[in-house]
Amino acid sequence: GEDVEQSLFLSVREGDSSVINCTYTDSSSTYLYWYKQEPGAGLQLLTYIFSNMDMKQDQRLTVLLNKKDKHLSLRIADTQTGDSAIYFCAETAFTGGGNKLTFGTGTQLKVEL
Amino acid sequence: NAGVTQTPKFQVLKTGQSMTLQCAQDMNHNSMYWYRQDPGMGLRLIYYSASEGTTDKGEVPNGYNVSRLNKREFSLRLESAAPSQTSVYFCASTSPGGELFFGEGSRLTVL
Numbered sequence: 001g002e003d004v005e006q007s008l009f010l011s012v013r014e015g016d017s018s019v020i021n022c023t024y025t026d027s028s029s030t031y032l033y034w035y036k037q038e039p040g041a042g043l044q045l046l047t048y049i050f051s052n053m054d055m056k057q058d059q060r061l062t063v064l065l066n067k068k069d070k071h072l073s074l075r076i077a078d079t080q081t082g083d084s085a086i087y088f089c090a091e092t093a094f095t096g097g098g099n100k101l102t103f104g105t106g107t108q109l110k111v112e113l
Numbered sequence: 114n115a116g117v118t119q120t121p122k123f124q125v126l127k128t129g130q131s132m133t134l135q136c137a138q139d140m141n142h143n144s145m146y147w148y149r150q151d152p153g154m155g156l157r158l159i160y161y162s163a164s165e166g167t168t169d170k171g172e173v174p175n176g177y178n179v180s181r182l183n184k185r186e187f188s189l190r191l192e193s194a195a196p197s198q199t200s201v202y203f204c205a206s207t208s209p210g211g212e213l214f215f216g217e218g219s220r221l222t223v224l
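Here you go:
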């Protein structure tokens, strides 16, 4: 079945860039997502990229997709303390049976002053 | 907008007890989902409902049942709770564009 992997922890200093990495196995993935989860809350969609794109930029967020290596990354520029959260990578291949996402384990981002 | 609403937010059960987690969305979405979140394992799909009147098993359906009561509501039932079902449960629904909207989660502890 599909598998999505992420490292569990990342620590950065405020103002630095953060890069969160993700690898997936499903070559039929059509959309790849980044979700953010703050403590005690549900997940919120940060950004997504369609599988025929290499890069997507949205303000401080840059998503890079290497489809050949099945590698997805999320770069957060000028990381702030408010960016401290768990970040989940997810992928889906639309099958007509609902948008079933496969999530990674999540990366806990800690931003230090 | 309320979005996706789950109840209860917290619950403690003894092994063997039953309970139902309720979920409702007011966004007129067709598809709804139940996930569980465990440390180091991300979110795993328990059951989903692609549309009103249909339900299908996800990755970890054992020990659970679901009911898609109508377009708005999708409930998750534990008939005989086990300690392995201690987790945080998230209900979600999908917009036509494919974005998942999550509830705030229900933290369940089974003693």
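Here the protein sequences line up with chains L and P, keeping their order.
So the first sequence is numbered by the working numbering: it starts at 1 and just counts up by one.
So the second sequence is numbered by the working numbering: it starts at 114 and just counts up by one.
C-beta atoms are modelled at their ideal positions from N, C-alpha and C, and glycine is treated no differently.
Item, Value
"Any idea what DSSP makes of T81/L, helix, strand or coil?", "helix"
"Measuring CB to CB, does Y24/L end up less than 7 Å from E112/L?", "no"
"Would you mind stating whether T105/L and G116/P have Cβ atoms separated by less than 7 Å?", "no"
"Leaving out five residues on either side along the sequence, give the residues of the same chain with a beta carbon under 6 Å from the beta carbon of Q44/L.", "K36"
"Bridge partners of V179/P, per DSSP?", "L189/P"
"In terms of alpha-carbon separation, which member of F214/P, S208/P and F203/P lies closest to R220/P?", "F203/P"
"Using 8 Å as the threshold, is the region 174-189 of chain P in touch with the region 128-143 of chain P, meaning 3 or more CB pairs across them?", "yes"
"Along the beta strand (DSSP E) that carries N52/L, what are the first and last residues, could you check?", "That residue, N52/L, is in no beta strand (DSSP E); it is neither H nor E in DSSP."
"How big is the Cα-Cα spacing for S27/L and M53/L?", "14 Å"
"Determine the DSSP secondary structure at Q198/P, reduced to helix, strand or coil.", "helix"
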